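Structure first, commentary second.
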Amino acid sequence: MPAPSAKPRLAESLKGKYATLKQLMGYAPENSLALAYDTAQMIQQTRLDTTQQLAFENRIEVQQLLTQKKLQRLNIDYYRLGFLPSLSGFVNYNRVYQNNDFAALYDRAFPNSQAGLQLALPIFTGTRRTQNLKIEELRDERLDLDLFDTKN
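Letter by letter, the sequence shown follows residues -1 to 150 in the numbering used here.
In structure tokens form, the structure reads like this:
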């Protein structure tokens, strides 16, 4: 049995590739897709691209490190705030209904309420807070070094 011709196989392969490309692009499958390729324009864009100054801020690795740095600063601020006292308040209001006659149970209410403040002073918890703060500051320094290494 002779091998099938290469042209029909290539055409079938291209149909599949076009369908995959349309799907990845979010392009409607029933619309036609025309691809254009200009070598001269591509070479010109390559020349422009290689003559431009590098912008490290546009690299995804640097953007990820800068985002990690912002999050790390928030962690450091969180552990610094752990040294401050905290104040919280609460209010409760309740109505209690009591009566010996079940039919008249909700005729008379006995309200009670409660309000209060709670002040928490972090006196001494060992050196856990200071150690956590130092660990986060070291992680921040490590991110600075990672950022420096990425730029170099």
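Heads up, the beta-carbon is just placed ideally off N, CA and C, and yes, glycines get one too. The structure displayed is predicted, hence computed values, not measured ones.
Query raised in the report: Which runs of the beta strand (DSSP E), 3 residues or longer, sit entirely within the stretch 84 to 142?
Result: 84 to 95 and 107 to 118
Query - Nearest-angstrom Cα separation, counted from Thr148 out to Leu136 - result: As a position in the sequence shown, residue 136 is number 138, starting the count at 1. As a position in the sequence shown, residue 148 is number 150, starting the count at 1. Cα to Cα, the separation comes out at about 18 Å.
Query raised in the report: Does DSSP classify Asp144 as helix, strand or coil?
Result: In the sequence shown, counting from the first residue as 1, residue 144 sits at position 146. Asp144: helix per DSSP, three-state reduction.
Report task. Give the DSSP-derived three-state secondary structure of Gln51 in the structure shown. Result -> Within the sequence shown, residue 51 is the residue found at index 53, counting from 1. Reduced to three states, the DSSP call for Gln51 is coil.
Query raised in the report: What is the DSSP secondary structure of Ser30, counted as helix, strand or coil?
Result: Working through the sequence shown from its first residue, we reach residue 30 at position 32. If DSSP states are grouped into helix, strand and coil, Ser30 belongs with coil.
**Report entry** Candidates Gln51, Ile41, Gly80 and Tyr16, of which the one nearest Asn29 by Cα
**Finding:** As a first step, residue 29 must be located in the sequence shown, where it is residue number 31. It is Tyr16.
Query raised in the report: Which residues in the same chain have their Cβ closer than 6 Å to the Cβ of Leu115, if we skip the five residues on either side of it in sequence?
Result: As a first step, residue 115 is located in the sequence shown; it is residue number 117 there, counting from the start. Around Leu115: Gly87.
Query raised in the report: Are the Cβ atoms of Leu63 and Asp138 separated by less than 7 Å?
Result: Taking the sequence shown and counting its residues from 1, one reaches residue 63 at position 65. Taking the sequence shown and counting its residues from 1, one reaches residue 138 at position 140. Not a contact, by the Cβ cut-off of 7 Å.
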